[in-house]
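Chemist:
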Amino acid sequence: MIMAEWIIWLIIAAVLAAVELLFGAFAAFCPAIGAVCASIAAALGFGLEGQLIALILGGVASFIFLGPLINKNHHKSNQYSTNMDALIGREASVTHSYKPEEHPGRLRIDGDNWQFISTDGIAIEHGTPVRVVGYDSIILKVKVINKQ
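Counting in UniProt numbering, the sequence shown runs from 1 upward without gaps.
1. Is the beta carbon of L10 closer than 9 Å to that of A35?
2. Would you list the one or two residues that DSSP bridges to Q115?
3. Could you tell me the distance, in whole angstroms, from the CA atom of I40 to the CA atom of I33?
4. Between which two residues does the beta strand (DSSP E) holding A92 run?
5. Are I124 and Y98 touching if we call contact CB-CB under 9 Å?
6. Hey, would you say K21 sits closer than 9 Å to A38, going by beta carbons?
7. Quick check on DSSP: helix, strand or coil for I124?
8. Measuring CA to CA, which of Y135, P68 and F29 is closest to L16?
9. Start and end of the alpha helix (DSSP H) containing A43?
10. Quick check: what's the CA-CA separation for H96 versus H126?
11. Quickly, what does DSSP pair V130 with across the bridge? List them, please.
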């Protein structure tokens, strides 16, 4: 028994959608939409040429119209910082005083002990609240928080 052409196109679309779900790189999403369009063309009785045109037009149209939306939302989901970048903006309390002419001070964030220096070049005493504004290698750069 030979499968109907529209079912074959739907199977192709499902495989491409599964690939897209596995890799999430927007590479298989547009061809999957094109395959759905080709399936519709086959169900409407178009020949192979019409199905291929529907495949191409559906894929290109989805790339043009949906690509910017998906890429915009994809980049939003990747805005979470990791590693050292995740520390920027965090507040902490100084655990060991800092004197610019001596050694870096120390602070604690989420149970981890970090070395720090002041971006203002001022001494910072034990217990002073600070905000992480950057880092250089493994030494955090901080500013004193003026809570008024």
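C-beta atoms are modelled at their ideal positions from N, C-alpha and C, and glycine is treated no differently.
Modeler: On the basis of the data shown:
1. For the purposes of this step, residue 35 is taken as residue 35 along the sequence shown, with counting starting at 1. For the purposes of this step, residue 10 is taken as residue 10 along the sequence shown, with counting starting at 1. Yes, they are a contact pair.
2. Numbered from 1 along the sequence shown, position 115 holds the residue referred to as residue 115. Paired residues: R106 and I139.
3. Walking along the sequence shown from the start, residue 40 turns up at place 40. Walking along the sequence shown from the start, residue 33 turns up at place 33. Their Cα atoms are separated by approximately 11 Å.
4. Along the sequence shown, read from residue 1 onward, the residue named residue 92 stands at position 92. Looking at the DSSP string, the run of the beta strand (DSSP E) that includes A92 is E91 to H96.
5. As a working note, residue 124 is residue 124 in the sequence shown. As a working note, residue 98 is residue 98 in the sequence shown. Cβ distance < 9 Å, so I124 and Y98 count as in contact.
6. As a position in the sequence shown, residue 21 is number 21, starting the count at 1. As a position in the sequence shown, residue 38 is number 38, starting the count at 1. Sequence check: residue 21 is Leu here, not Lys. Going by C-beta atoms, L21 is not nearer than 9 Å to A38.
7. In the sequence shown, counting from the first residue as 1, residue 124 sits at position 124. Of the three classes helix, strand and coil, the one that applies to I124 here is strand, per DSSP.
8. Indexing the sequence shown from 1 puts residue 16 at position 16. Sorting Y135, P68 and F29 by C-alpha distance to the C-alpha of L16 places F29 at the top.
9. Position 43 of the sequence shown, counted from the first residue, corresponds to residue 43. Run containing A43: F29 to A43, per the alpha helix (DSSP H) assignment.
10. Counting from one through the sequence shown, the residue named residue 96 turns up at place 96. Counting from one through the sequence shown, the residue named residue 126 turns up at place 126. If I take the Cα positions, the gap works out to 5 Å.
11. For the purposes of this step, residue 130 is taken as the residue at position 130 of the sequence shown. In DSSP, V130 forms a bridge with A92 and V144.
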